[in-house]
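Take a look at the structure below.
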Ligand SMILES: NC(=O)c1ccc[n+]([C@@H]2O[C@H](COP(=O)([O-])OP(=O)(O)OC[C@H]3O[C@@H](n4cnc5c(N)ncnc54)[C@H](O)[C@@H]3O)[C@@H](O)[C@H]2O)c1
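In the working numbering, the protein residues as written are 1 to 325.
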């Protein structure tokens with residue numbers, strides 16, 4: 001089965017591509033390398049450099065025998081999305097529409113979509129379930145929610161089978177592929193940066209939240225566990241499944257717990273300082289993934305935050321400055 005992975009030169013897309021190859025799928029990748037890396041694309045993959053908003057570019061690729069699309073390509077920096085919302089709507093929503101139009105015209109009916117915990121905004125209840133209120137608080141989250149609504153309408157309109165996977169914080173690495181966002185905004189790679197270059201300023205945003213140690217609690221899911229859910233999701237799509245599912249760890253970890261665990265993994269004290277709270281940071285964001293477990297038969301293999309950090313660290317030791325340009 002031939003799968004198109006958009007954004008396959010990025011962090012999660014590269015690890016999912018690797019899992020798909022291991023399962024015997026044929027993988028082709030589209031990426032414009034705006035935030036991805038050519039070196040993250042496995043040599044067994046046919047790579048097309050280009051933009052998902054460009055329908056002329058997409059057309060021949062989607063008509064080359066592709067049976068399903070895994071759609072990762074997007075901009076995903078929350079802060080930037082608030083300053084430049086149209087950039088996010090054009091790329092994330094506009095790109096998804098171009099892709100879906102070309103899929104429809106090529107007769108492709110299976111679509112796996114990278115959604116996000118950002119669709120929930122500041123939750124009224126924890127753990128967050130798929131029944132929790134959707135209420136994004138930034139433009140990035142709005143683009144993800146908008147695409148989910150478009151997918152529901154496409155199911156009605158032309159029988160698209162789609163699965164929106166709402167990831168919480170993807171973390172860790174495979175042996176081959178790891179996290180290299182520029183600029184980096186995610187906690188674990190920032191902590192590892194601080195371990196590698198002690199001059200770096202690692203700020204903990206607030207230690208007066210109503211949590212056991214006062215720092216924010218987040219849900220870190222190993223990127224390899226995410227990849228497994230995608231492989232299962234693809235199988236489910238072929239049975240005609242459609243819906244939205246949370247993918248999280250099952251428990252949360254505070255910022256200080258993550259820093260402490262990283263200290264144990266790296267054998268170093270992680271230099272950090274306590275700063276002020278950031279606006280719009282909820283105290284606790286933890287997912288219930290019971291529905292994904294029940295409906296996909298998904299099981300997390302790597303829930304331990306120490307193991308998640310260890311895998312990220314092993315990758316970073318190989319690529320201290322990230323992928324070579
Ligand atoms: N990393 C997380 O913790 C997380 C959490 C929730 C959701 N997500 C979503 O998962 C997906 C992947 O995230 P990631 O962390 O791997 O990000 P990433 O930036 O590493 O990967 C995104 C990839 O898409 C490519 N891309 C962007 N716009 C494109 C376009 N118009 N045409 C072609 N390629 C384009 C980029 O070059 C990059 O390689 C995104 O949709 C993101 O919103 C990520």
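Beta carbons: idealized from backbone N, C-alpha and C, even for Gly. The structure displayed is predicted, hence computed values, not measured ones.
For this session: Identify whether residue 58 lies in helix, strand or coil by the three-state DSSP scheme.
Result: helix
Exercise. For residue 51, is the beta carbon positioned less than 8 angstroms from some heavy atom of ligand 1?
Worked result: yes
For this session: Quick one: grab the DSSP three-state call for residue 73.
Result: coil
For this session: Give a yes or no on contact between the stretch 132-146 and the stretch 115-123, applying the rule of three or more CB pairs nearer than 8 angstroms.
Result: yes
Problem set entry | Extent of the continuous beta strand (DSSP E) to which residue 34 belongs | Segment: none, residue 34 is in no beta strand (DSSP E) and carries neither H nor E.
Problem set entry | Nearest to residue 1 (by Cα), restricted to the options 271, 90 and 110 | 110
Exercise. In terms of DSSP beta bridges, what is residue 8 paired with?
Worked result: Its beta-bridge partners do not exist; DSSP assigns none.
Problem set entry | 4 or more residues per run - each alpha helix (DSSP H) lying fully within the stretch 107-164 | 139-158
For this session: Using beta-carbon positions only, say whether residue 295 and residue 240 come within less than 9 angstroms of one another.
Result: no
For this session: Please report how far the alpha carbon of residue 291 lies from the alpha carbon of residue 314, in whole angstroms.
Result: 32 angstroms
Exercise. Is it the case that the Cβ atoms of residue 223 and residue 288 are separated by a distance below 9 angstroms?
Worked result: no
Problem set entry | Limits of the beta strand (DSSP E) - the one that residue 49 falls within | 46-49
Exercise. Taking buried to mean at least 16 other C-beta atoms within 10 Å of its own C-beta, is residue 81 buried or exposed?
Worked result: buried
For this session: Classify residue 249 as helix, strand or coil using the three-state DSSP reduction.
Result: coil
Exercise. Using the C-alpha atoms, what's the distance from residue 50 back to residue 33?
Worked result: 8 angstroms
Exercise. Ends of the alpha helix (DSSP H) at residue 259?
Worked result: 255-266
Problem set entry | Check: residue 115 C-beta below 8 angstroms from any heavy atom of ligand 1 | yes
Exercise. Buried or exposed: residue 178, going by 16 or more other Cβ atoms within 10 Å of its Cβ?
Worked result: buried
For this session: Could you say if the stretch 306-324 and the stretch 230-237 meet the contact criterion of at least three C-beta pairs nearer than 8 angstroms?
Result: no
For this session: Compute every distance between the C-beta of residue 84 and the non-hydrogen atoms of ligand 1, then say whether any falls below 8 angstroms.
Result: no
Exercise. Does the Cβ of residue 270 lie closer than 8 angstroms to at least one heavy atom of ligand 3?
Worked result: Among the ligands modelled here, namely ligand 1, ligand 3 does not occur.
For this session: Inspect the beta-carbon positions of residue 220 and residue 258 and report whether they are closer than 9 angstroms.
Result: yes
For this session: In the DSSP assignment, find the beta strand (DSSP E) that holds residue 205 and state where it starts and stops.
Result: 203-205
Exercise. For residue 167, does the three-state DSSP call read helix, strand or coil?
Worked result: strand
For this session: For the alpha helix (DSSP H) containing residue 88, list its first residue and its last residue.
Result: 85-88
Problem set entry | Helix, strand or coil at residue 222 [DSSP, three-state] | strand
Exercise. Does DSSP classify residue 238 as helix, strand or coil?
Worked result: helix
Exercise. What is the DSSP secondary structure of residue 275, counted as helix, strand or coil?
Worked result: strand
For this session: Take the Cβ of residue 210 as the centre, count every other Cβ of all protein chains shown within 10 Å, and call the residue buried at 16 or more, exposed below.
Result: exposed
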